[in-house]
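Protein chains in written order, with the working numbering: chain A, 62 to 453; chain B, 1269 to 1645; chain C, 15 to 413. Using N, Cα and C, we set each Cβ at its ideal position, and we do this for glycine too. Bear in mind that the values here come from a model prediction, so they are computed numbers and not experimental data.
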Amino acid sequence: MQRETSQTTIPFWRDERVLKVLGQIAFVILVGLFFSVIFRNMMTGLAKQGITLSLGFLRGVSGFDIAETLFPYDRNSTYLQAYQIGLLNTLLVSVVGIFFATILGVVLGVARLSTNFIINRLAAFYLELIRNLSLLVFLIFWYLGVFLKLPKVKEAIIWTGNIFLSNRGVGIPWGIPTASFPTFRLILLFGFILALIVFFSLRAYSQRTGRAPLTLLWTLLTFLLVAAAGWILLPEKPLAIDLPRVQGLRLTGGKILTPEFMALTSGLTLYTAAFIGEVVRAGIQSVSKGQVEAARALGLNGFQTLRLVVFPQALRVIVPPLTSQYLNLIKNSSLAISVGYPDVFYVSNTIQNQTGRAVEMIGMVMLTYLAFSLITSLLMNWYNKKIKLVER
Amino acid sequence: MRKIFAITGILIVAGLVLAACGGAATSAPSGSGETVTVKETVIVTVVAPASPAVVAPTGYGVTLETVKARGNLICGVNSQVPGFGYVDANGNFSGFDVDYCRALAAAIFGDPTKVEFRPVTAAERFTALQSGEIDILSRNTTWTLVRDTELGGNFVHTTFYDGQGMMVPADSGITTLQDLEGGTICVQTGTTTELNLADVMASLGVSYTPAVFEDADATFAAYSEGRCDAVTTDKSGLVSRRTVLADPAAHVILDVTMSKEPLGPMVRHGDDQWFDIAQWTVFALFAGEEFGITSANVDEVKASATAPEVKRLLGLEGDLGLKLGLTNDWAYNILKLVGNYEEVYNRNLGPDTPTYIPRGLNNLYINGGLLYAPPFR
Amino acid sequence: MANLDTALPPLTERSTILRWLRKNLFGSWLDSLLTIVGLLIVYWALKGFLTWAFTAAEWRVVSANLRLLMIGQYPIEQVGRLWLWLAFLVFLTGTSFGIWARQSRFAVGVLMLPAVLALVFPFEGAARTWLLALTVIGVAGWLGGRTKPEVLKRSVIAGWVIALPIIILLTHGFSESTTGFWAVAKTNLWGGLLLTFLLTVVAILFSFPLGVLLALGRRSELPAVRWFSVLYIELVRGVPLITILFMAQLMLPLFLPEGMTIDRVLRAMVGITLFSAAYLAENVRGGLQAIPKGQYEAAQALGLSGAQTMIFIILPQALRLIIPILVGQFIAVFKDTALVAIVGLLDLVGIAKTVLAQPEFLGLQREVYVFISLIYWVLSYGMSYLSQRLEERLGVGKR
């Protein structure tokens, strides 16, 4: 086939088109070969010990208890349910961590740019301190060095607002739903819908007139007003406040946040906040001074400049690195194993221990984290596109 | 421009392959005796599907061959339980489970130092055994049906009869498991302890919160910081761990036994010869105590032995050692270089040690215990 | 800060301070409030920490276990080998400083570091002597580099190239016998800062070329190569390092043919390398994207082939652009090595855990973890400081 053409044109082994195809085929074969070899090695190895790969074991009874569960679970539950418990715990830590890390990060980023010397230096010191520490050591330190070093329950530190600090956990006041709670939930739903209506009508208004009302503020205010009205008007308060208290050797009542949860979330929050702080600082600095000056020349006041000129532009720079910081926080939550908090990785590790199903469990955990990453990036990409549209 | 990317691609693969299996990849002798290089094995695995003909030689006798060729025994041990498996201040391994490995090395090589101790965590111990990373697991592991079957291992024999216990601070006023209602209990993950705890508490109808930790150090560190109302593990573990708490007298072990915990070494499925060697090493330790042979008097006994079984044990008569694939002085080496069961026990768990545990069930059957060696014949 | 650079006419010191204070601390009532709150925080934190560090803390746990924390269970009779390569490294560093950073006071500071360590920390006698010797060796190299830069340049570069093999060889040893100075020190005895250092260096050096290849692969026009690279990079970046380390420790043995084993430390190295390569690949891709097309075209117009263009024109520019990001990634690798403690290796964190299990040092977690945090901090900060210096020298961002 090649012979007919090779006389007049370049020989096939120097023809780039052929080389490209051949190179790729060789590459695919090599990669395929590599993976088939390791797969076969694994299968023969497992077969020799009479182990077959399957996920059927997940339906078996787990037989172990988990410390922190968001929905009912006991030793009669299945491995799959145990896995779900871990999954929810990871989600909980991630959401709480992202929430607080964002707030603290923004504060740090702004403080880093403050003209106040003390505040500026403090923020800079914090950023440099945290960013050069190892997260694992940081987490272990928070667990063993801080939360387990709190006084015993009997000598618990009591902060104003009935917050108990002890080495058994941090007790905070918590609401217990009463009989009127379902009604209150309906009121909240109503408030939410009303807030949405306010949001969309204000946005339509702003697009029609070109003015920029404080959309988010009014939306939030609407919701809070409805909620407050419901709270006051209902004959029985929808939530009974339960205060933590010391009972014998234990803390009861309210909500007891375990040392493991506290150590993990505070460690992750304080660590990630330092990185978010840097992101925010870089974002704000990326808006050129000319923009601020131009806005002032147009007669916008300081707040308007910030809200209408600086912030939208900074946000575009901030969102992509912020996304990766959020992803880092989610992935870093797998270090829960070092403080004994039952996140998805730790629970899967326990399951793997009790069943010997290393391959399946590691595969499941990896897929889970991949899904987290994918969903978060999709969400943030979507958001990124939204704020890009604003630019026009 | 384009060619470089083709080359790049190939280099990536080459790099990955190199990175994945480069460096200390070693080839070990295969079952039938000849050395199979890594490359050949790869080809074999690709071309031939796993037929019984390929699998069979990896069974009987391979482990001993591998160990002998390597020149040392790789023993998976605990590094965190004083008295059983522990790293002392000089960085040496010591303990009851560790001494069993030394005995096995003495039986194979006539040299108890030819062991490489590999600390394995509770989490990775079975995988380490399955994958061949360790030759034998001697790490206070409980004999259970699932572990004997599904986890691909064979328990050699019980070397230590134990039971799960519960330790609480002495001033807590807790005397029974029921007193722990609503409390927090520290436990180590991936253990039978974790499962027993759930079982026992469920059957007693006691609700509790577990605080689960990755390793023994973390578990007892949390307990000693007051994180939990109680800590549970095998009683031997509680005894030995209590000795290293800040104030041992401030903690009591409840007078309840929550489970049977027969602890012993474990080998992989599929190599019966290796299983035999491991098992008869245990029996040689028992027999040594039964016949009163110690490391101090073994030479004397050997010179003047008259009892046929003692003579067979010490390799003066018959060739029991050869039948195991070892030399005939295998048991002599164990007793001479490591000592008998009593010596091993007293060295690590005896009254003179900080980790003293009364012998209890771990005594010869003639003394009311459970240790019983089959005849050496 | 900025007002220090402006060319104001000289004022009396007193009024300068007052002006500065008013401008920077008490500009408005809000500013004043912030200043006071900030000062309170500083006072409270400093007082708390210093009181603890100098009165309550029992640093004995660190001083008694200094050797364990530094080198783990590495055999005592072979420790000299570690000092040998350390001396080699210090000599190379000193000479390099002498050649390329002649005026740098920072360089001199770095060379003095071993001597300072020897005087501050309670090392054993031999270690103290060695540390002092290191400074002497470093300064000797520095002086040598300053006087004969042209002669030494090549050998210093060659020295850096062979440094890693020498370090590994000396640490591992090569004698068949089980005793003696050159006896093999098995990797399960490597620990502490030594293991952290080796893991970091190996992971950085191997993940770098791998990352460059993956970045090139991701920009390749061959779909198979591109898709493989994309898949690899995204998969690895989507999962936590700890799962990869677990896979390396638990599953890698299953992937290998019967009888073939890979050392545990090596497995961790492979895991971290493969992980970090994916991140590096993305960094390098960023650099590659920043190179204008004109550069390719100009190179082609000069008659360079594709490979030549990449190697001599594009990559050097791209890599120089991303030096700060690369150093950031290397620091991340260094900090991430701590995770091997979770899979049971006795690196700095792993050995800290065993130290805390010693009966006489129970409950001293704060002291030990503060100490190793300090080590992580100093080394990370040193790396980023060095990279800033390097950026200034190479003029990154100024062209």
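Relative to the C-alpha of PHE160 (chain A), which candidate in A:THR330, A:VAL82, A:LEU325 and A:LEU367 has its C-alpha closest?
Locating residue 160 (chain A) in the first sequence gives position 99, where the first residue counts as 1. When each option's Cα is compared against that of PHE160 (chain A), the closest is A:THR330.
Distance check for GLN343 (chain C) and ARG407 (chain C), CA to CA, integer angstroms please.
The residue you call residue 407 (chain C) lines up with position 393 of the third sequence. The residue you call residue 343 (chain C) lines up with position 329 of the third sequence. Looking at the two C-alpha atoms, the distance is approximately 20 Å.
If you measure beta-carbon to beta-carbon, which residues of the region 115-126 of chain A are closer than 7 Å to chain B?
The residues in question are GLY124, PHE125 and ASP126.
I'd like the span of the alpha helix (DSSP H) that includes TYR140 (chain A), first residue to last.
The count along the first sequence starts at 1 and reaches residue 140 (chain A) at position 79. That run of the alpha helix (DSSP H) goes 140-173.
For a contact meaning CB atoms closer than 7 Å, what does MET261 (chain C) contact in chain A?
Within the third sequence, the letter at position 247 stands for residue 261 (chain C). Those within 7 Å of MET261 (chain C) in chain A are ILE423.
Along the chain, where does the alpha helix (DSSP H) containing LEU255 (chain C) start, and where does it finish?
Residue mapping note: residue 255 (chain C) aligns to position 241 of the third sequence, counting from 1. Here the alpha helix (DSSP H) through LEU255 (chain C) covers 255-260.
If MET261 (chain C) and LEU213 (chain C) are in contact, beta carbons under 8 Å, what's the gap, nearest whole angstrom?
As a position in the third sequence, residue 261 (chain C) is number 247, starting the count at 1. As a position in the third sequence, residue 213 (chain C) is number 199, starting the count at 1. Not really, about 17 Å apart at Cβ, beyond 8 Å.
Look at the alpha carbon of LEU1592 (chain B) and the alpha carbon of GLY1586 (chain B), and state the distance between them as a whole number of angstroms.
The sequence position of residue 1592 (chain B) within the second sequence is 324, counting from 1. The sequence position of residue 1586 (chain B) within the second sequence is 318, counting from 1. Looking at the two C-alpha atoms, the distance is approximately 12 Å.
Hey, LEU393 (chain C) and PHE348 (chain C): beta-carbon distance below 8 Å or not?
Numbered from its first residue, the third sequence carries residue 393 (chain C) at position 379. Numbered from its first residue, the third sequence carries residue 348 (chain C) at position 334. Closer than 8 Å, so yes.
How about GLY1344 (chain B) and ARG1407 (chain B): are their beta carbons less than 8 Å apart?
Here the question's residue 1344 (chain B) lines up with position 76 in the second sequence. Here the question's residue 1407 (chain B) lines up with position 139 in the second sequence. Yes, the Cβ-Cβ distance between GLY1344 (chain B) and ARG1407 (chain B) is below 8 Å.
Buried or exposed for THR1487 (chain B), going by 16 or more other Cβ atoms inside 10 Å?
For the purposes of this step, residue 1487 (chain B) is taken as residue 219 along the second sequence, with counting starting at 1. With 16 or more Cβ atoms within 10 Å of its Cβ, THR1487 (chain B) is classed as buried.
Along the chain, which unbroken stretches of the alpha helix (DSSP H) at least 4 residues long are found entirely within the region 1376-1455 of chain B?
As far as the region 1376-1455 of chain B is concerned, its whole alpha helix (DSSP H) runs of at least 4 residues are 1393-1398 and 1413-1417.
Is DSSP giving LYS200 (chain C) helix, strand or coil here?
Residue mapping note: residue 200 (chain C) aligns to position 186 of the third sequence, counting from 1. LYS200 (chain C): coil per DSSP, three-state reduction.
Taking only beta-carbon positions, decide if SER1440 (chain B) is within less than 8 Å of chain A.
Residue 1440 (chain B) sits at position 172 when you count from the first residue of the second sequence. Taking Cβ atoms only, chain A reaches closer than 8 Å to SER1440 (chain B), which makes this a yes.
Please determine, among C:TRP204, C:ALA315, C:GLN309 and C:ILE337, the residue with the shortest C-alpha to C-alpha distance to ILE12 (chain C).
Since the displayed chain C opens at 15 and closes at 413, residue 12 (chain C) lies outside it and no answer follows.
So what does CYS1343 (chain B) bridge to, in DSSP terms?
For the purposes of this step, residue 1343 (chain B) is taken as residue 75 along the second sequence, with counting starting at 1. Answer is B:PHE1385 and B:ILE1404.
Less than 8 Å between the CB atoms is what I'm expecting for ALA291 (chain C) and GLY225 (chain C), so what's the real figure, rounded?
Locating residue 291 (chain C) in the third sequence gives position 277, where the first residue counts as 1. Locating residue 225 (chain C) in the third sequence gives position 211, where the first residue counts as 1. The Cβ separation is near 5 Å, so the contact holds.
Which term fits TYR1230 (chain B), buried or exposed, when burial requires 16 or more other beta carbons within 10 angstroms of its beta carbon?
This structure does not reach residue 1230 (chain B), given that chain B is present from 1269 up to 1645, and the question cannot be answered.
Along the chain, where does the beta strand (DSSP E) that runs through MET274 (chain C) open and close?
As a working note, residue 274 (chain C) is residue 260 in the third sequence. Per DSSP, MET274 (chain C) belongs to no beta strand (DSSP E) and is neither H nor E.
Residues of chain B with a CB under 9 Å from the CB of THR185 (chain C): which are they?
Counting from 1 along the third sequence, the entry for residue 185 (chain C) is found at position 171. Those within 9 Å of THR185 (chain C) in chain B number zero; the least Cβ separation is about 13 Å.
Could you spell out where the beta strand (DSSP E) holding LEU1354 (chain B) opens and where it closes?
The sequence position of residue 1354 (chain B) within the second sequence is 86, counting from 1. According to the sequence as given, residue 1354 (chain B) is Tyr; it is not Leu. Start and end: 1353-1355.
How should ARG1536 (chain B) be labelled, buried or exposed, when 16 other C-beta atoms within 10 angstroms of its C-beta is the threshold for buried?
Translated into positions along the second sequence, residue 1536 (chain B) becomes position 268. Burial call: buried.
Could you name the residues of the region 73-94 of chain A whose beta carbon sits closer than 7 Å to any beta carbon of chain C, in the order they occur along the chain?
Result list: LYS81, GLY84, GLN85, PHE88, VAL89 and VAL92.
Taking PRO243 (chain A) as the query, report the chain B residues whose CB atoms sit under 7 Å from its CB, ordered along the chain.
Against the first sequence, residue 243 (chain A) aligns to sequence position 182. Here the premise fails: no neighbours, minimum Cβ distance about 28 Å.
Straight-line CA distance for GLY252 (chain C) to ASN1608 (chain B)?
On the third sequence, position 238 is the one that residue 252 (chain C) refers to. On the second sequence, position 340 is the one that residue 1608 (chain B) refers to. Computed Cα separation, rounded: 54 Å.
Beta carbons nearer than 9 Å to chain A: which residues of the region 219-249 of chain C have them?
Those would be GLU235, LEU236, PRO237, ALA238, VAL239, PHE242, GLU248 and LEU249, in chain order.
Run the CB neighbour count on ARG1645 (chain B), radius 10 Å, all protein chains shown included, and call it buried at 16 or more, exposed below.
If you number the second sequence from 1, residue 1645 (chain B) lands on position 377. The residue in question, ARG1645 (chain B), is exposed, as its Cβ has fewer than 16 Cβ neighbours within 10 Å.
Between which two residues does the beta strand (DSSP E) holding SER227 (chain A) run?
Numbered from its first residue, the first sequence carries residue 227 (chain A) at position 166. Taken as a continuous stretch (DSSP letters only), the beta strand (DSSP E) holding SER227 (chain A) covers 224-227.
According to DSSP, is GLY1586 (chain B) part of a helix, a strand, or is it coil?
By one-based count along the second sequence, residue 1586 (chain B) stands at place 318. GLY1586 (chain B) falls in the coil class under three-state DSSP.
Quick one: any contact between the region 137-154 of chain C and the region 192-207 of chain C, if contact means 3 or more CB pairs under 8 Å?
They do not touch, by the three-pair rule.
Is the Cβ-Cβ distance between PHE242 (chain A) and LEU300 (chain A) less than 8 Å?
Here residue 242 (chain A) refers to the residue found at position 181 when the first sequence is read from its first residue. Here residue 300 (chain A) refers to the residue found at position 239 when the first sequence is read from its first residue. Taking 8 Å as the Cβ cut-off, PHE242 (chain A) and LEU300 (chain A) qualify as a contacting pair.
Got a sec? Which residues, its chain only, sit under 6 Å from TYR1613 (chain B) by beta carbon, not counting five neighbours each side?
Locating residue 1613 (chain B) in the second sequence gives position 345, counting from the first residue. No residues qualify anywhere along the chain.
Is PHE1481 (chain B) helix, strand or coil when you go by DSSP?
Stepping through the second sequence from its first residue, residue 1481 (chain B) is reached at position 213. It is a strand residue.
So which residues on chain C does ALA1514 (chain B) lean against when the C-beta distance must stay under 7 Å?
As a working note, residue 1514 (chain B) is residue 246 in the second sequence. Chain C residues near ALA1514 (chain B): LEU376 and GLY377.
Can you list the residues of chain C that VAL307 (chain A) reaches, using a CB-CB cut of under 8 Å?
As a position in the first sequence, residue 307 (chain A) is number 246, starting the count at 1. By Cβ distance, chain C contributes nothing, its closest Cβ being about 24 Å from VAL307 (chain A), past 8 Å.
Between GLY170 (chain A) and the rest of its own chain, which residues show a CB-CB distance below 6 Å, the 5 nearest in sequence each way excluded?
Residue numbering aside, residue 170 (chain A) sits at position 109 when the first sequence is read from its first letter. Counting only Cβ-Cβ distances below 6 Å, and skipping sequence neighbours, we find GLY338, VAL341 and ARG342.
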